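Here's the structure, in structure tokens; my notes come after.
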Amino acid sequence: MSEAARLIANHRVQVVPVVLALANPPWQRDVWLDPSAFEDLDHVFHTLFDDFCDADEPERYLGVSLRSDEEVDLMRKLGVALNAAASEAPNDTDAEYLQASVWPEVVAIAGRLAQIMVANDLRQLAVLLDEAAVPDPCQVVRGTTGNTGDQGDGHTSRDTASPQVNPAASPKRP
């Protein structure tokens, strides 16, 4: 894995769960409103605005914690909605944020962003897995089986595989 791929993976492992939490109202009520819970909205703001992204100017994080222009655009919209919710939370409590009139918009934008981020990550994972794939040693590759092709009747065939290898049993890659 390249250093650039490591950097984006290390950032996204922080950003994606926060975006997923913003898209999940039951999680918000169950976790953020529980004073004994490990996560709160302050963590979300630090992750999205300070530590792993800048939701006010997300284009600087393209290739760092965001993979596409669509993610940048949605992160900017999420930042605007979160700032609007902050203006409706005079005491800066999680409960006030969740009651803000703009909160359903925060949830909707975060939901769309989460879908895009997860889809982009899955595409990238498929690429990484494909690059790292090692050929199946049982796979029949013409000219590499060590078989001379002698069929025992004096005739030779270049397409004959070793008898112990069953080409039909080899897994097919999509």
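Using my numbering, you'd call the opening residue of the sequence shown number 40 and step up by one each time.
Quick reminder that beta carbons are idealized off the backbone N, C-alpha and C, glycines included.
Owing to the predicted nature of the structure, the values given are computational and were not obtained by experimental measurement.
Within the DSSP secondary-structure output, L61 pairs in no beta bridge.
Three or more pairs of CB atoms, one per stretch, sit closer than 8 Å, so the stretch 112 to 127 contacts the stretch 90 to 101. Distance from the CA atom of V157 to the CA atom of A43, rounded to whole angstroms, is 18 Å.
For L101, the three-state secondary structure derived from DSSP is strand.
In the DSSP assignment, R115 falls within the alpha helix (DSSP H) that extends over D108 to S126. Nearest to S104 by C-alpha distance, out of E127, A60, D169 and R45, is R45. Note that the C-beta distance between A48 and A153 is not below 8 Å. V145 and A124 do touch by the CB rule: their CB atoms are close to 6 Å apart, below 8 Å. For H85, there is no enclosing alpha helix (DSSP H), as DSSP marks it with neither H nor E. For D133 and E170, the gap between their C-alpha atoms comes out near 44 Å.
DSSP places A134 inside the alpha helix (DSSP H), whose first and last residues are D133 to Q138. With respect to the C-alpha of N159, the residue from V58, S107 and D73 having the closest C-alpha is S107.
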